[in-house]
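Only one structure is covered here, and it is reproduced in the block below.
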Amino acid sequence: MSTTTPPIAPEGGSAPLVELLDLKTWFPVRRGVFAKTIGYVRAVDGVSLAIVRGETLGLVGESGCGKTTLGRTILMLDPPHSGLIRFDGSDINRLSRLEKRQLRQRMQIIFQDPLSSLNPRMNILDIVTEGLREFGLVTDSREADATRLLREVGLDADALYRYPHEFSGGQRQRINVARAISLRPDFIVCDEAVSALDVSVQAQVINLMIDLREKYGLAYLFISHDLSVVSNIAGRVAVMYLGRVVEEGPTDSIIRDPLHPYTRALIRAVPVPGVRREKAPPLKGETPSLLAPPPGCRFHPRCPEAMDVCRRVDPGRTRWAGHRVWCHLYGAGETPAA
Amino acid sequence: MSATILEVDNLTVTFDTDEGVFNAVEAVSFAIAAGEVVGLVGESGCGKSVTALSILRLIPSPPGRITAGSVRFKGADLAALSAAELRRVRGSGISMIFQEPSAALSPLHRVGRQLVEALRLHRDLSRRAAWEAARDWLEKVRIPDAAERLYAYPFQLSGGMQQRVMIAMALMLEPEVIIADEPTTALDVTIQAQVFALIREMKQASTAILLITHDMGVVWEMCDRVLVMYAARIVEAGTREEIFEKPAHPYTRGLLRSIPRLTDKPERLATIGGMVPSPLHYPAGCRFNDRCPHVFDRCRREAPGLLEVSAGHQAACFLAKKLVRAPL
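Spelled out as C-alpha cells, the structure:
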C-alpha cells in the first residue's frame with residue numbers, strides 16, 4: 038500500500054495531541070555472516086490514529102498484533118520505518134535532539150510488570166523524583182515533591198525510604214503511576230498496565246488512573262488484550278490485527294455493534310460472568326506470522342465471512358455507523374493491492 | 272447427583288520457609304462427583320494451586336508438607352498408596368493440565384515421543400501402536416498435519432498448539448478426573464475459546480474436572496459448581512448460579528462487583544479496600560475482616576466455619592444468611 042491514509046481524528050474537531058499517519062514499524066530479520074536483511078517483521082504496518090487531549094484510546098488485540106510496538110514507536114523507543122508521528126502538531130522525526138528530550142517530559146509509559154519496571158536498588162524517593170531531578174524541576178525539596186506524588190496515588194510518605202520489593206503488586210503499580218505523572222505529562226502509554234494485577238487490586242488502579250485523567254486532563258493510549266478492562270476506561274477503541282487497525286470507533290458502540298468479523302469474534306470470545314449467551318463457534322486457526330502476512334485482507338484465512346475479494350484485495354477504510362472499519366463487507370473504499 | 276469420585280477432606284498444607292512457617296492451604300474440604308466441572312477460584316497466593324498440586328502429592332517438599340487431611344480417589348486414600356500405585360493414578364486416574372505448556376512439556380524431546388512415553392507407561396501398547404494413537408489424539412485436538420507434528424519439538428509450536436498437546440496428553444489415558452490449573456491464562460481469548468470448546472467436546476460424560484482459575488468469566492462459562500478461596504481457606508461453595516447470583520460471602524460479593532465487565536456503559540468500578548494479607552500475617556478471626564465492609568467484633572475474635580445458607584450452598588461468614596438475600 039502506497040497511498041497515504043488520511044489521519045483519523047475523533048469526531049468533534051479538536052486538534053489531536055497525538056497523530057499517526059500511515060505509521061510503519063518494521064524490524065529487519067538478518068541472516069548469515071554479513072547480516073543480510075532477508076525480510077521484515079511488520080509489527081506495525083500502516084496505522085493512522087489520533088488521540089485528543091484528555092481522552093483515552095483503547096488499543097486491543099491479541100499477542101503479537103503490534104499494539105506494544107505501536108506504543109513504543111510513539112514514545113520514540115522504537116524507530117519507525119516510515120510514516121508520520123505528530124505530537125501536539127510537530128513531526129517528532131524532524132525534532133532536534135534537544136527538542137526530543139523536552140518532548141519526552143510530556144509523554145510517559147506505564148508497563149505491565151510493576152516490579153521489573155522499578156529499579157530494585159533505588160528507594161521510592163529516588164524512583165519517583167528521578168525525572169524531576171533530570172529535568173531540574175524539583176520544587177522545594179525532593180522529599181516534599183515525592184510525598185505529594187505518593188499522596189496523589191494513594192500511598193503514604195512512609196514509603197519514601199523503602200524499596201520496591203517491600204510493596205505488593207498493586208502498590209508497585211501505584212509507584213509506577215506516581216513516577217509517570219511526576220513530570221506532568223500530557224500523554225501516557227499504559228501498556229497492559231493492570232493486566233498483572235489481581236482482580237480486587239486491578240479495579241483500584243483503574244479507578245486511580247481515571248481520577249488522574251480527570252484531574253490533569255491526561256490522554257492515555259490504553260493498550261490491553263482485555264476488552265473488558267478497556268471498555269471500562271476508554272472512550273474510543275481501536276482493534277488491531279497483524280499490524281493493522283481493523284476497526285475503530287466509540288467504545289460503547291464497538292461493544293454493542295461490532296462490525297469487523299474479527300472484532301465480533303474477539304468480543305464473543307470474552308467470557309462475561311453472569312450472562313447466559315448462546316455458544317458461538319470459536320474462531321478457527323491462529324494468527325499468521327508478521328513476517329509474511331496473508332495477501333488481501335490479513336484476516337481472511339480465519340474469517341468466517343471471507344469472500345473471494347478478501348483473498349485478493351486489501352480492504353480500504355470505510356466509515357460505517359460511526360466506526361471506521363477495514364472490511365469488504367462494508368461497501369466501497371477498496372484500494373488495489375500493492 | 273452421581274457418585275463422588277474425588278474427595279478432599281480437611282486438607283492442610285504447611286510451608287516452611289526462611290520467613291516463617293505458614294499454612295498455604297488450611298482445612299480445605301470438597302468433593303467432586305463424576306462428570307462434574309468444579310471451579311476453584313481465588314487471587315494469587317490464596318492457595319488454589321497448592322490445593323491442586325497436593326491432590327496428586329506434587330507439592331515440592333521441602334518446603335511444603337501435607338500436615339493434615341486426606342485426599343480420596345474413588346474411596347482410596349491417596350496418601351496410603353505406594354509410589355508405584357500413585358504413579359498409576361497419575362495420568363490414567365487423575366491427570367493434570369498446567370498453565371504453562373512450555374514449562375510442562377520437555378523441551379528436549381519431540382512431542383510424539385512424550386505422548387508415546389505417557390501412553391506406554393499406562394497401556395500395554397507396541398511402540399508403533401502408541402505412535403498411531405498419539406497421532407490420532409493430536410488429530411482429535413485439531414492439530415493440523417498431526418503426523419508431522421509428532422516430530423516437532425515443543426518450541427516449534429505456538430502456545431495454543433502446545434496447550435492442545437497438553438490436553439491430548441491429559442485426555443488420551445481417559446482419566447476419571449482432570450485437574451486443570453489456569454489452563455488458558457497464557458493464551459489469547461480467541462484461542463482460549465477454542466481450548467474450552469475442545470475440552471468440553473473431548474471429555475467423556477463421566478470425566479470430572481477441577482478447574483483452577485482467577486478468571487470469574489471462565490468459571491461462569493465452564494463450571495457447574497464453584498469453590499471460592501481466600502487466604503488459604505474456602506470461604507464459599509455453591510452452584511454456579513448460587514455463587515454468581517446469590518453470593519453470601521462478602522469477599523465473593525466484592526470480587527464479583529470489582530470484575531471489569533465487558534460493558535457499553537462504563538461506571539466507576541467497585542473495589543475491595545485494602546489488600547490480600549500476607550500468609551505470615553493473617554488477621555485473627557475471619558481472615559477477610561480487615562477488608563470487609565460488614566465487619567463486627569465477633570469477626571475479629573472468631574473464625575467463622577462454613578455455614579449452610581441453603582442445601583449445598585455454604586459460606587464462611589457469620590452474616591451469610593442475611594447477605595445471601597441482599598442484592599449484589
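Protein sequences, first through last, are from chains A and B.
Using our numbering, the first residue of the first sequence is number 38, and each one after it goes up by one.
Using our numbering, the first residue of the second sequence is number 272, and each one after it goes up by one.
Idealized CB from N, CA, C, for every residue including glycine.
None of the values given here were measured: they were computed from a predicted structure.
{"Query": "Thinking C-beta only, is B:VAL499 closer than 8 Å to B:ILE480?", "Result": "no"}
{"Query": "Enumerate in chain order the residues of its own chain whose CB-to-CB distance from B:LEU396 is below 7 Å, with the five nearest sequence positions on each side excluded.", "Result": "LEU390 and ALA404"}
{"Query": "In whole angstroms, what is the alpha-carbon distance linking A:VAL226 and A:GLY91?", "Result": "13 Å"}
{"Query": "Does A:TYR299 pass the burial test, meaning 16 or more other C-beta atoms within 10 Å, or should it be called exposed?", "Result": "buried"}
{"Query": "With 8 Å as the threshold, decide whether the Cβ of B:SER429 is near any Cβ in chain A.", "Result": "yes"}
{"Query": "Using a Cβ-Cβ distance under 8 Å, would A:GLU323 count as near chain B?", "Result": "yes"}
{"Query": "Would you say A:ASP228 faces chain B, with C-beta separation under 8 Å as the test?", "Result": "no"}
{"Query": "What do you get for A:PHE148, buried or exposed, if any count of 16 or more other CB atoms within 10 angstroms of its CB means buried?", "Result": "buried"}
{"Query": "Using C-beta distances below 6 Å, list every residue in its chain close to B:ASP486, excluding the 5 sequence neighbours before and after it, in chain order.", "Result": "none"}
{"Query": "For B:TRP491, which three-state DSSP category applies?", "Result": "helix"}
{"Query": "Looking only at its chain, what residues have a beta carbon closer than 6 Å to the beta carbon of A:GLN145, apart from the 5 residues adjacent to it on each side?", "Result": "ALA217, PRO222 and ILE225"}
{"Query": "Residues of chain B with CB closer than 7 Å to the CB of A:VAL238, please, in chain order.", "Result": "MET546"}
{"Query": "Report the residue ranges of all alpha helix (DSSP H) runs contained in full by the segment 147 to 188 of chain A; include only those spanning at least 4 residues, in chain order.", "Result": "161 to 171"}
{"Query": "In this structure, does DSSP put B:ILE414 in helix, strand or coil?", "Result": "coil"}
{"Query": "Does the segment 73 to 85 of chain A come within contact of the segment 239 to 259 of chain A, defined as at least 3 CB pairs closer than 8 Å?", "Result": "no"}
{"Query": "If I measure Cβ to Cβ from A:GLY311 and keep anything under 6 Å in the same chain, skipping five residues before and after, which residues do I get?", "Result": "none"}
{"Query": "Closer than 8 Å is the cut-off here; do at least three beta carbon pairs connect the segment 264 to 276 of chain A with the segment 285 to 296 of chain A?", "Result": "yes"}
{"Query": "Is B:ALA354 helix, strand or coil by DSSP?", "Result": "helix"}
{"Query": "Could you tell me the distance, in whole angstroms, from the CA atom of B:ASN294 to the CA atom of B:ALA574?", "Result": "15 Å"}
{"Query": "Along the chain, which unbroken stretches of the alpha helix (DSSP H) at least 4 residues long are found entirely within the segment 101 to 154 of chain A?", "Result": "104 to 111 and 134 to 141"}
{"Query": "Select from A:ALA181, A:SER133, A:ARG335 and A:GLU171 the residue whose C-alpha is nearest the C-alpha of A:LEU162.", "Result": "A:ALA181"}
{"Query": "On the DSSP bridge list, what partners appear for B:ALA479?", "Result": "B:VAL448"}
{"Query": "Excluding the 5 residues flanking B:GLU307 on each side, which residues of the same chain have their C-beta closer than 7 Å to its C-beta?", "Result": "ALA479, ASP495 and ARG496"}
{"Query": "What three-state label does DSSP hand A:LEU96 in the structure shown?", "Result": "strand"}
{"Query": "How far does the alpha helix (DSSP H) with B:CYS570 in it reach, from first residue to last?", "Result": "568 to 572"}
{"Query": "Find the residues of chain B that neighbour A:ASP289, judging by a C-beta separation of less than 9 Å, and give them in chain order.", "Result": "THR534, ASP535, LYS536 and PRO537"}
{"Query": "Whose C-alpha, out of B:VAL412, B:TYR422, B:ARG399 and B:GLN370, is nearest the C-alpha of B:HIS380?", "Result": "B:TYR422"}
{"Query": "In the DSSP assignment, find the unbroken beta strand (DSSP E) run with A:PHE64 in it and report its ends.", "Result": "55 to 68"}
{"Query": "Taking only three categories from DSSP, how would you classify A:SER87?", "Result": "Per the sequence presented here, residue 87 of chain A reads as Ala, with Ser not at that position. Strand, per DSSP."}
{"Query": "With a cut-off of 8 Å on the beta carbons, I'd call B:VAL460 and A:LEU303 a contact; round off their distance for me.", "Result": "7 Å"}
{"Query": "Please confirm whether A:PHE172 and A:LEU220 have their CB atoms less than 8 Å apart.", "Result": "yes"}
{"Query": "Throw me the rounded Cβ distance for the A:THR62 and A:ASP228 pair, which I believe falls under 8 Å.", "Result": "Contact doesn't hold; Cβ gap of about 15 Å is too wide."}
{"Query": "Does any CB atom of chain B fall closer than 8 Å to the CB of A:GLN145?", "Result": "no"}
{"Query": "State buried or exposed for B:LYS593, treating a residue as buried only when at least 16 other CB atoms are found within 10 Å of its CB.", "Result": "exposed"}
{"Query": "Can you find a CB in chain B that lies within less than 8 Å of the CB of A:ILE88?", "Result": "no"}
{"Query": "Is the CB-CB distance between B:VAL490 and B:ALA587 below 8 Å?", "Result": "no"}
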